[in-house]
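Enquirer: Once you've had a glance at the structure underneath, I'll fire off some questions.
Residue numbers (this note's numbering), protein chains in the order written: chain B, 16 to 202; chain P, 16 to 202.
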């Protein structure tokens with residue numbers, strides 16, 4: 016049971032209201048499409064900041080969502096001096112406090128997370144692969160620094176592009192590139 | 016079969032000759048001891064550089080060795096725009112080209128590697144744990160981003176402080192801290 020990997024660099028999701036506060040605009044302009052249908056990298060890059068440090072040029076993904084969230088790696092978290100929880104996207108309760116700086120305004124909110132490792136999959140593929148009855152799987156990664164990663168969430172959307180999403184720490188630790196093949200292990 | 020983990024940040028090993036070229040000195044001053052007997056973090060920090068970028072304040076470990084080597088993570092390798100091989104410490108054949116900048120001189124040499132995941136162990140402990148007949152093991156890592164890592168080298172020295180050494184990418188990807196407990200799995 017195989018799929019491919021997509022490595023997600025740090026990024027920001029914004030509500031329409033927060034986009035208005037930060038930038039004074041209502042919609043994001045597409046720079047390039049992402050693999051998930053309808054999702055795109057926007058032309059907007061913002062700075063994220065904590066009392067300890069800042070990271071510039073963090074890409075905002077589009078379209079706007081029902082929640083504002085900053086997804087970073089543990090390496091970024093050390094740079095910023097914060098301790099974000101590992102969470103599913105959208106589950107920002109108890110997330111780490113962070114400031115987003117825009118050209119028109121700033122937002123300081125507990126919305127920084129480390130994203131759970133997850134597999135995007137549609138219902139038909141999930142059924143075909145016998146994964147309807149599980150919410151987590153393990154995934155085998157190959158290569159000189161391969162291994163088996165635990166706690167990979169099954170994230171069903173319809174439609175979906177079937178793909179494992181990892182953050183840059185997982186990608187770099189295991190020497191993975193976008194498009195590399197991995198093996199899904201049902202527990 | 017358990018041990019603890021030690022996370023190694025990027026660092027430099029130098030020969031006495033290269034220390035003389037870079038800094039005009041013959042010996043390194045100890046800032047603090049490392050867990051491995053006789054090894055120490057020196058007071059010296061140098062800059063490593065490539066045509067693309069540089070990283071400052073890279074710690075030189077002591078004492079001086081029979082080889083000069085820069086150990087970095089894949090994340091560092093992307094920052095620097097180089098593609099170092101995964102290697103045992105000291106095996107710098109085919110390593111990536113890098114420049115080390117010192118106050119008195121510079122060295123440009125193919126000596127940058129990503130260190131193989133490895134376990135420091137002495138002969139007695141290795142025998143007791145039934146690991147005399149293997150050179151590689153797997154290691155189970157626990158926590159919210161746990162998993163099982165492959166290709167962990169058994170590195171016997173006498174004496175040794177029994178410990179798994181991982182780079183910062185592996186540490187951060189798996190949310191590990193120094194001293195966390197891990198489980199050795201003999202294949």
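From the three backbone atoms N, C-alpha and C, an ideal C-beta is built for every residue, glycine too.
In the DSSP assignment, find the beta strand (DSSP E) that holds residue 131(B) and state where it starts and stops.
Expert: Here residue 131(B) belongs to no beta strand (DSSP E), and DSSP marks it neither H nor E.
Enquirer: Around the C-beta of residue 81(B), are 16 or more other C-beta atoms found within 10 angstroms, so that it is buried, or is it exposed?
Expert: Looking at its Cβ environment, which holds fewer than 16 other Cβ atoms inside 10 Å, residue 81(B) is exposed.
Enquirer: Just to confirm, are residue 149(B) and residue 103(B) a CB contact at a threshold of 8 Å?
Expert: No, they are not a contact pair.
Enquirer: Run through chain P and tell me which residues come within less than 7 Å of residue 159(B), C-beta to C-beta.
Expert: Correct list: 101, 166.
Enquirer: Would you mind stating whether residue 169(P) and residue 113(P) have Cβ atoms separated by less than 8 Å?
Expert: Contact: no.
Enquirer: Could you compute how far the alpha carbon of residue 122(B) sits from the alpha carbon of residue 111(B)?
Expert: Rounded to the nearest angstrom, the two C-alpha atoms are 13 Å apart.
Enquirer: Jot down the residue ranges of each uninterrupted alpha helix (DSSP H) in the stretch 131 to 179 of chain P, minimum 4 residues, whole runs only, in chain order.
Expert: The qualifying runs are 138 to 143.
Enquirer: Which stretch, first to last residue, makes up the alpha helix (DSSP H) that contains residue 186(P)?
Expert: Element bounds for residue 186(P): 183 to 188.
Enquirer: Whose C-beta lies closer than 7 Å to the C-beta of residue 56(P) among residues of the same chain, with five residues either side of it excluded?
Expert: Counting only Cβ-Cβ distances below 7 Å, and skipping sequence neighbours, we find 46, 47, 49, 74, 76.
Enquirer: Hey, would you say residue 20(B) sits closer than 8 Å to residue 163(B), going by beta carbons?
Expert: No.
Enquirer: On the DSSP letters alone, give me the boundaries of the alpha helix (DSSP H) that residue 17(P) sits inside.
Expert: Unbroken run through residue 17(P) is the beta strand (DSSP E), 17 to 23; no alpha helix (DSSP H).
Enquirer: Below 8 Å CB to CB, which residues in the same chain sit around residue 175(B) once its five sequence neighbours on both sides are set aside?
Expert: Cβ neighbours of residue 175(B) beyond the five flanking positions: 51, 52, 135, 136, 137, 140.
Enquirer: Pull out every residue of the stretch 75 to 90 of chain B whose Cβ sits closer than 9 Å to any Cβ of chain P, in chain order.
Expert: Listed in sequence order: 88, 89, 90.
Enquirer: Just the chain B side, please: which residues come within less than 7 Å of residue 163(P) by C-beta, in chain order?
Expert: Those within 7 Å of residue 163(P) in chain B are 162, 163.
Enquirer: Quick one: what does DSSP say residue 84(P) is sitting in, helix, strand or coil?
Expert: The answer is strand: DSSP assigns residue 84(P) an E or B state.
Enquirer: Please list the terminal residues of the continuous alpha helix (DSSP H) segment that includes residue 89(P).
Expert: Note, residue 89(P): alpha helix (DSSP H), 89 to 95.
Enquirer: Using CA atoms only, rank isn't needed, just tell me which of 132(P), 195(P), 158(P), 161(P) is closest to residue 159(B).
Expert: Considering only alpha carbons, the answer is 132(P).
Enquirer: Relative to the C-alpha of residue 178(P), which candidate in 189(P), 190(P), 184(P), 195(P) has its C-alpha closest?
Expert: Checking every option, the nearest Cα to that of residue 178(P) belongs to 195(P).
Enquirer: Return the residues of the stretch 180 to 199 of chain B that lie within a Cβ-Cβ distance of less than 9 Å from chain P, sorted by chain order.
Expert: The residues in question are 181, 182, 183, 184, 185, 186, 187, 188, 189, 190.
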